[in-house]
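Using numbering that gives the first Met the number 0, read the sequence shown as starting at 0 and increasing by one per residue. Glycine is no exception: its CB is placed at the ideal position from the N, C-alpha and C atoms. It should be emphasised that the depicted structure is a prediction, and the values quoted were computed from it without experimental measurement.
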Amino acid sequence: MGGIIAVQKLVSIGYYIVCASAAWLPASDLDPVHDPGFAAARARAEAVGPRRATAARTASGGGALVGVASWTDPTITKGEVFYPKGADSAEARLRFYASRFPLVEVDSTYYALPARRTAELWVERTPADFTFNIKAFALMTGQPTEVARLPKPLRDALPARLAEKQRIYATDLDAELYDAVWAVFLDAMEPLRAAGKLGAVLLQYPRWFLPNRESDDAILDAVMRLGAIRGAVEFRNARWFAPQRAERTLEFLTAHDITFVAVDEPQGMESSVPPVFAVTSPALAMIRFHGRRSAMWEASGITAVERFRYLYDKEELTARVPDVEKMTAAAGRMHVVFNNCYGNYGTTNAIELGTMLER
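Here is the structure:
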(Lines of atoms letter the chains of each structure in order from A; the text may use other names.)
(Lines give C-alpha, C1' and ligand atoms only; values in the text may rest on other atoms or scores of the structure.)
Protein backbone atom coordinates (compact mmCIF):
# COMPACT_ATOMS: atom_id res chain seq x y z
CA MET A 0 0.00 0.00 0.00
CA GLY A 1 3.05 2.27 -0.28
CA GLY A 2 3.21 3.65 3.23
CA ILE A 3 -0.49 3.57 4.02
CA ILE A 4 -0.82 2.63 7.66
CA ALA A 5 -3.11 -0.22 8.64
CA VAL A 6 -4.28 0.12 12.20
CA GLN A 7 -7.34 -1.39 13.84
CA LYS A 8 -8.72 0.12 17.02
CA LEU A 9 -11.89 -0.50 18.98
CA VAL A 10 -14.65 2.06 18.57
CA SER A 11 -14.82 2.27 22.36
CA ILE A 12 -11.70 4.43 22.53
CA GLY A 13 -13.20 6.88 20.12
CA TYR A 14 -11.56 6.49 16.74
CA TYR A 15 -10.76 4.19 13.90
CA ILE A 16 -8.62 4.24 10.79
CA VAL A 17 -9.87 3.25 7.36
CA CYS A 18 -7.27 2.44 4.75
CA ALA A 19 -7.73 3.08 1.07
CA SER A 20 -9.10 0.10 -0.79
CA ALA A 21 -7.08 0.71 -3.92
CA ALA A 22 -3.34 1.00 -4.45
CA TRP A 23 -1.88 4.49 -4.61
CA LEU A 24 -1.21 5.31 -8.21
CA PRO A 25 0.40 8.74 -8.60
CA ALA A 26 -0.29 10.33 -11.95
CA SER A 27 2.40 11.75 -14.18
CA ASP A 28 2.80 15.49 -13.86
CA LEU A 29 0.29 17.54 -15.84
CA ASP A 30 -1.12 14.62 -17.82
CA PRO A 31 -4.23 15.21 -19.97
CA VAL A 32 -6.45 13.29 -17.56
CA HIS A 33 -5.57 15.25 -14.43
CA ASP A 34 -4.92 18.62 -16.05
CA PRO A 35 -7.28 18.69 -19.04
CA GLY A 36 -8.08 22.42 -18.92
CA PHE A 37 -11.07 24.43 -17.79
CA ALA A 38 -13.34 23.50 -20.69
CA ALA A 39 -12.97 19.77 -20.07
CA ALA A 40 -13.53 20.22 -16.33
CA ARG A 41 -16.63 22.32 -17.01
CA ALA A 42 -18.00 19.64 -19.31
CA ARG A 43 -17.62 17.06 -16.54
CA ALA A 44 -19.46 19.29 -14.08
CA GLU A 45 -22.25 19.97 -16.56
CA ALA A 46 -22.63 16.26 -17.23
CA VAL A 47 -23.54 15.81 -13.56
CA GLY A 48 -26.14 18.56 -13.66
CA PRO A 49 -26.82 21.56 -11.40
CA ARG A 50 -25.47 21.15 -7.89
CA ARG A 51 -27.81 21.99 -5.02
CA ALA A 52 -26.39 23.73 -1.97
CA THR A 53 -27.42 20.96 0.41
CA ALA A 54 -25.70 18.35 2.53
CA ALA A 55 -25.05 15.10 0.71
CA ARG A 56 -26.90 12.34 2.52
CA THR A 57 -24.56 9.37 2.45
CA ALA A 58 -25.47 5.70 2.39
CA SER A 59 -24.93 5.65 6.15
CA GLY A 60 -27.65 8.25 6.60
CA GLY A 61 -25.29 10.96 7.83
CA GLY A 62 -24.72 14.34 6.26
CA ALA A 63 -21.56 15.43 4.50
CA LEU A 64 -21.01 19.06 3.51
CA VAL A 65 -18.90 19.33 0.36
CA GLY A 66 -17.17 22.48 -0.85
CA VAL A 67 -13.88 23.99 -2.00
CA ALA A 68 -11.02 25.88 -0.38
CA SER A 69 -11.44 29.15 -2.25
CA TRP A 70 -14.06 30.98 -4.23
CA THR A 71 -11.89 34.01 -5.07
CA ASP A 72 -8.67 32.66 -6.59
CA PRO A 73 -7.83 34.57 -9.81
CA THR A 74 -7.87 31.33 -11.81
CA ILE A 75 -11.53 30.75 -10.91
CA THR A 76 -12.79 34.32 -11.16
CA LYS A 77 -11.46 35.17 -14.61
CA GLY A 78 -13.69 34.72 -17.64
CA GLU A 79 -16.50 32.24 -17.13
CA VAL A 80 -14.46 29.42 -15.64
CA PHE A 81 -16.99 28.76 -12.85
CA TYR A 82 -18.96 31.94 -12.29
CA PRO A 83 -21.61 33.02 -14.79
CA LYS A 84 -21.35 36.18 -16.83
CA GLY A 85 -22.08 39.20 -14.68
CA ALA A 86 -20.85 37.67 -11.40
CA ASP A 87 -17.90 40.01 -11.25
CA SER A 88 -18.12 41.35 -7.69
CA ALA A 89 -17.22 39.72 -4.39
CA GLU A 90 -20.88 39.74 -3.36
CA ALA A 91 -22.16 38.23 -6.60
CA ARG A 92 -19.56 35.50 -6.57
CA LEU A 93 -20.21 34.46 -2.98
CA ARG A 94 -23.97 34.44 -3.52
CA PHE A 95 -23.57 32.28 -6.62
CA TYR A 96 -21.13 29.94 -4.90
CA ALA A 97 -23.47 29.54 -1.91
CA SER A 98 -26.28 28.59 -4.28
CA ARG A 99 -24.19 25.61 -5.44
CA PHE A 100 -22.39 24.47 -2.28
CA PRO A 101 -23.21 24.44 1.46
CA LEU A 102 -19.60 24.84 2.62
CA VAL A 103 -16.52 26.90 1.82
CA GLU A 104 -13.07 27.08 3.33
CA VAL A 105 -11.53 30.54 3.62
CA ASP A 106 -7.76 30.37 3.11
CA SER A 107 -7.07 34.10 2.75
CA THR A 108 -7.13 34.35 6.55
CA TYR A 109 -3.88 32.40 6.64
CA TYR A 110 -2.07 35.21 4.84
CA ALA A 111 -3.64 38.19 6.59
CA LEU A 112 -5.73 38.68 9.70
CA PRO A 113 -9.36 39.16 8.63
CA ALA A 114 -11.52 42.16 9.39
CA ARG A 115 -14.73 41.83 11.38
CA ARG A 116 -16.66 43.73 8.70
CA THR A 117 -15.66 41.13 6.12
CA ALA A 118 -17.18 38.35 8.22
CA GLU A 119 -20.34 40.44 8.66
CA LEU A 120 -20.68 40.67 4.88
CA TRP A 121 -20.15 36.91 4.53
CA VAL A 122 -23.04 36.37 6.94
CA GLU A 123 -25.30 38.74 5.01
CA ARG A 124 -24.52 37.21 1.62
CA THR A 125 -25.07 33.53 2.39
CA PRO A 126 -28.08 31.38 3.34
CA ALA A 127 -28.84 30.71 6.99
CA ASP A 128 -27.48 27.16 6.83
CA PHE A 129 -24.25 27.98 4.97
CA THR A 130 -20.98 27.00 6.68
CA PHE A 131 -17.55 28.64 6.66
CA ASN A 132 -14.35 26.90 7.71
CA ILE A 133 -11.62 29.43 8.40
CA LYS A 134 -7.91 28.76 8.09
CA ALA A 135 -5.92 30.04 11.06
CA PHE A 136 -3.59 32.98 10.52
CA ALA A 137 0.00 31.88 9.91
CA LEU A 138 1.38 33.10 13.26
CA MET A 139 -1.26 31.05 15.07
CA THR A 140 0.23 27.78 13.80
CA GLY A 141 3.92 28.57 14.06
CA GLN A 142 4.39 29.79 10.52
CA PRO A 143 5.89 33.11 9.39
CA THR A 144 3.99 36.14 8.16
CA GLU A 145 5.05 39.30 6.41
CA VAL A 146 5.15 42.28 8.73
CA ALA A 147 3.42 44.39 6.08
CA ARG A 148 0.36 42.12 6.26
CA LEU A 149 -0.27 42.81 9.94
CA PRO A 150 -3.01 45.30 10.85
CA LYS A 151 -1.57 48.76 11.55
CA PRO A 152 -2.19 48.64 15.34
CA LEU A 153 -0.17 45.42 15.56
CA ARG A 154 2.59 46.78 13.32
CA ASP A 155 2.83 49.90 15.44
CA ALA A 156 3.12 47.76 18.58
CA LEU A 157 6.11 45.81 17.24
CA PRO A 158 9.49 46.62 18.80
CA ALA A 159 11.94 48.24 16.39
CA ARG A 160 13.95 45.03 15.94
CA LEU A 161 10.84 43.30 14.54
CA ALA A 162 9.29 46.22 12.68
CA GLU A 163 12.36 46.34 10.45
CA LYS A 164 12.09 42.69 9.47
CA GLN A 165 10.32 41.47 6.36
CA ARG A 166 8.89 38.37 8.05
CA ILE A 167 8.38 37.34 11.64
CA TYR A 168 7.40 34.20 13.56
CA ALA A 169 5.20 33.82 16.61
CA THR A 170 8.33 33.00 18.61
CA ASP A 171 9.55 36.54 17.89
CA LEU A 172 6.58 38.04 19.73
CA ASP A 173 6.20 38.60 23.43
CA ALA A 174 3.16 37.09 25.14
CA GLU A 175 1.14 40.30 24.97
CA LEU A 176 1.57 40.73 21.21
CA TYR A 177 0.86 37.05 20.55
CA ASP A 178 -2.34 37.33 22.58
CA ALA A 179 -3.28 40.38 20.51
CA VAL A 180 -2.92 38.41 17.27
CA TRP A 181 -5.38 35.84 18.56
CA ALA A 182 -7.72 38.53 19.85
CA VAL A 183 -7.92 40.21 16.43
CA PHE A 184 -8.61 36.88 14.72
CA LEU A 185 -11.30 35.78 17.18
CA ASP A 186 -13.00 39.18 17.11
CA ALA A 187 -13.18 38.99 13.32
CA MET A 188 -14.75 35.52 13.50
CA GLU A 189 -17.44 36.53 16.01
CA PRO A 190 -20.11 37.46 13.39
CA LEU A 191 -19.80 33.99 11.84
CA ARG A 192 -19.91 32.27 15.23
CA ALA A 193 -22.90 34.30 16.39
CA ALA A 194 -24.79 33.49 13.18
CA GLY A 195 -24.09 29.76 13.52
CA LYS A 196 -22.09 29.77 10.29
CA LEU A 197 -18.61 29.03 11.65
CA GLY A 198 -17.89 25.34 11.17
CA ALA A 199 -14.28 25.07 12.32
CA VAL A 200 -10.94 26.83 12.37
CA LEU A 201 -8.36 24.88 10.38
CA LEU A 202 -5.10 24.59 12.30
CA GLN A 203 -2.71 23.52 9.56
CA TYR A 204 0.74 23.00 11.03
CA PRO A 205 3.91 23.26 8.91
CA ARG A 206 6.35 20.58 7.83
CA TRP A 207 8.76 21.44 10.66
CA PHE A 208 6.04 20.89 13.27
CA LEU A 209 7.23 17.53 14.59
CA PRO A 210 5.58 15.06 16.97
CA ASN A 211 6.80 15.85 20.46
CA ARG A 212 5.58 17.25 23.77
CA GLU A 213 6.17 20.84 22.70
CA SER A 214 3.95 20.36 19.64
CA ASP A 215 1.25 18.71 21.73
CA ASP A 216 1.29 21.73 24.03
CA ALA A 217 1.05 24.11 21.06
CA ILE A 218 -2.04 22.30 19.77
CA LEU A 219 -3.68 22.36 23.19
CA ASP A 220 -2.89 26.06 23.55
CA ALA A 221 -4.54 26.81 20.20
CA VAL A 222 -7.63 24.77 21.06
CA MET A 223 -7.87 26.49 24.44
CA ARG A 224 -7.72 29.91 22.79
CA LEU A 225 -10.48 28.93 20.34
CA GLY A 226 -12.77 28.17 23.25
CA ALA A 227 -16.17 27.00 21.98
CA ILE A 228 -15.01 27.24 18.36
CA ARG A 229 -14.03 23.85 16.95
CA GLY A 230 -10.41 23.41 15.98
CA ALA A 231 -9.44 20.97 13.23
CA VAL A 232 -5.80 19.87 13.03
CA GLU A 233 -3.95 19.04 9.81
CA PHE A 234 -0.38 17.82 9.88
CA ARG A 235 2.22 18.30 7.16
CA ASN A 236 4.89 15.88 8.33
CA ALA A 237 4.81 12.11 7.77
CA ARG A 238 6.41 11.44 11.18
CA TRP A 239 3.06 11.99 12.88
CA PHE A 240 1.98 8.72 11.28
CA ALA A 241 5.17 6.71 11.41
CA PRO A 242 4.38 3.15 12.59
CA GLN A 243 5.65 3.84 16.10
CA ARG A 244 3.76 7.16 16.39
CA ALA A 245 0.42 6.84 14.53
CA GLU A 246 -1.54 5.38 17.43
CA ARG A 247 -0.21 8.00 19.83
CA THR A 248 -1.16 10.83 17.45
CA LEU A 249 -4.78 9.76 17.17
CA GLU A 250 -5.12 8.91 20.85
CA PHE A 251 -3.93 12.42 21.72
CA LEU A 252 -6.50 14.09 19.44
CA THR A 253 -9.25 11.78 20.63
CA ALA A 254 -8.50 12.38 24.31
CA HIS A 255 -8.89 16.13 23.78
CA ASP A 256 -11.88 15.94 21.37
CA ILE A 257 -9.95 17.60 18.54
CA THR A 258 -10.98 17.00 14.93
CA PHE A 259 -8.30 15.28 12.84
CA VAL A 260 -8.14 16.44 9.23
CA ALA A 261 -7.63 13.46 6.94
CA VAL A 262 -5.93 14.22 3.64
CA ASP A 263 -5.65 12.96 0.10
CA GLU A 264 -2.31 14.21 -1.18
CA PRO A 265 0.93 13.15 -2.90
CA GLN A 266 2.83 10.38 -1.14
CA GLY A 267 6.43 9.43 -0.52
CA MET A 268 7.86 12.71 0.79
CA GLU A 269 8.69 14.15 4.19
CA SER A 270 5.54 16.25 4.22
CA SER A 271 3.30 13.47 2.92
CA VAL A 272 0.72 12.42 5.47
CA PRO A 273 -0.72 9.03 4.49
CA PRO A 274 -4.42 8.71 3.61
CA VAL A 275 -5.55 7.71 7.09
CA PHE A 276 -9.27 8.33 7.51
CA ALA A 277 -9.71 8.75 11.23
CA VAL A 278 -12.50 10.18 13.35
CA THR A 279 -11.18 11.63 16.60
CA SER A 280 -14.23 13.66 17.62
CA PRO A 281 -17.95 12.85 17.46
CA ALA A 282 -18.60 16.54 16.77
CA LEU A 283 -16.97 16.77 13.33
CA ALA A 284 -14.92 14.72 10.85
CA MET A 285 -13.02 16.31 7.99
CA ILE A 286 -11.10 15.39 4.84
CA ARG A 287 -9.23 17.75 2.51
CA PHE A 288 -8.34 16.82 -1.07
CA HIS A 289 -5.06 18.44 -2.15
CA GLY A 290 -4.64 16.69 -5.49
CA ARG A 291 -1.79 14.33 -6.32
CA ARG A 292 0.65 16.50 -8.23
CA SER A 293 3.73 14.87 -6.77
CA ALA A 294 6.33 16.80 -8.75
CA MET A 295 5.19 20.10 -7.23
CA TRP A 296 4.28 19.03 -3.70
CA GLU A 297 7.55 20.10 -2.10
CA ALA A 298 8.81 22.35 -4.88
CA SER A 299 9.96 25.82 -3.84
CA GLY A 300 9.24 29.10 -5.56
CA ILE A 301 5.85 28.12 -6.99
CA THR A 302 2.35 29.36 -6.28
CA ALA A 303 -0.20 27.38 -4.29
CA VAL A 304 -2.29 27.11 -7.44
CA GLU A 305 0.50 25.26 -9.23
CA ARG A 306 1.04 22.96 -6.26
CA PHE A 307 -2.62 21.91 -6.19
CA ARG A 308 -3.29 21.97 -9.94
CA TYR A 309 -4.87 18.55 -10.26
CA LEU A 310 -8.27 17.28 -11.39
CA TYR A 311 -9.21 13.97 -9.79
CA ASP A 312 -10.57 11.45 -12.24
CA LYS A 313 -13.87 9.73 -11.49
CA GLU A 314 -12.25 6.47 -10.45
CA GLU A 315 -10.12 8.27 -7.84
CA LEU A 316 -13.21 9.95 -6.41
CA THR A 317 -15.24 6.75 -6.43
CA ALA A 318 -12.52 5.02 -4.41
CA ARG A 319 -12.87 7.68 -1.71
CA VAL A 320 -16.66 7.38 -1.31
CA PRO A 321 -16.48 4.48 1.22
CA ASP A 322 -13.93 6.42 3.29
CA VAL A 323 -16.16 9.50 3.43
CA GLU A 324 -19.21 7.41 4.27
CA LYS A 325 -17.47 5.59 7.12
CA MET A 326 -16.19 8.83 8.61
CA THR A 327 -19.63 10.40 8.29
CA ALA A 328 -21.22 7.41 10.01
CA ALA A 329 -18.78 7.70 12.93
CA ALA A 330 -19.07 11.46 13.44
CA GLY A 331 -22.51 12.26 12.07
CA ARG A 332 -21.18 15.56 10.73
CA MET A 333 -18.63 15.58 7.93
CA HIS A 334 -16.83 18.31 5.97
CA VAL A 335 -15.22 17.48 2.63
CA VAL A 336 -13.02 20.24 1.19
CA PHE A 337 -11.37 20.25 -2.23
CA ASN A 338 -8.16 22.25 -2.10
CA ASN A 339 -7.16 21.50 -5.71
CA CYS A 340 -7.85 25.19 -6.26
CA TYR A 341 -6.93 25.70 -9.90
CA GLY A 342 -9.78 27.24 -11.84
CA ASN A 343 -12.81 24.96 -11.79
CA TYR A 344 -10.96 21.76 -10.88
CA GLY A 345 -12.02 21.91 -7.24
CA THR A 346 -15.63 22.87 -7.96
CA THR A 347 -15.94 20.13 -10.57
CA ASN A 348 -14.65 17.45 -8.21
CA ALA A 349 -16.85 18.76 -5.38
CA ILE A 350 -19.92 18.51 -7.61
CA GLU A 351 -18.96 15.00 -8.69
CA LEU A 352 -18.21 13.65 -5.21
CA GLY A 353 -21.29 15.29 -3.71
CA THR A 354 -23.44 13.56 -6.30
CA MET A 355 -21.70 10.23 -5.70
CA LEU A 356 -22.44 10.50 -1.97
CA GLU A 357 -26.10 11.28 -2.61
CA ARG A 358 -26.43 8.24 -4.83
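Check: Spell out the partners DSSP gives His359 in its beta bridges.; Outcome: Absent from the structure is residue 359, since the part of the chain shown begins at 0 and ends at 358.
Check: On the CB-based measure, 16 or more other CB atoms within 10 Å of its CB, does Trp70 come out buried or exposed?; Outcome: buried
Check: Suppose contacts are defined by Cβ-Cβ distances below 8 Å. Is Ala231 in contact with Leu202 by that definition?; Outcome: yes
Check: Keeping to the same chain, check which residues put their C-beta closer than 6 Å to that of Thr346; ignore five residues upstream and five downstream.; Outcome: Val67, Phe81
Check: Assign Lys134 to one of three DSSP states: helix, strand, or coil.; Outcome: strand
Check: Leaving out the 5 sequence neighbours to the left and right, which residues in its chain are closer than 6 Å to Pro152 when beta-carbon positions are compared?; Outcome: none
Check: Contact check, Asp143 vs Arg166 under 8 Å by CB: the rounded distance?; Outcome: For clarity, residue 143 is Pro in the given sequence; the question names Asp instead. Going by Cβ atoms, the distance from Pro143 to Arg166 rounds to 4 Å, so yes, they are a contact pair.
Check: Taking C-beta to C-beta, are Arg287 and Glu351 nearer than 8 Å?; Outcome: no
Check: The alpha helix (DSSP H) with Val304 in it runs from where to where?; Outcome: 303-306
Check: Report the start-end ranges of each beta strand (DSSP E) in the region 235-304 that is 3 residues or longer and not cut off at the edges.; Outcome: 258-263, 284-288
Check: Taking only the alpha-carbon atoms, compute the straight-line gap between Pro265 and Ala294 and give it to the nearest angstrom.; Outcome: 9 Å
Check: Can at least three beta-carbon pairs, one atom from the region 274-290 and one from the region 244-258, be found at a separation below 8 Å?; Outcome: yes
Check: What are the boundary residues of the alpha helix (DSSP H) that Ala91 is part of?; Outcome: 89-99
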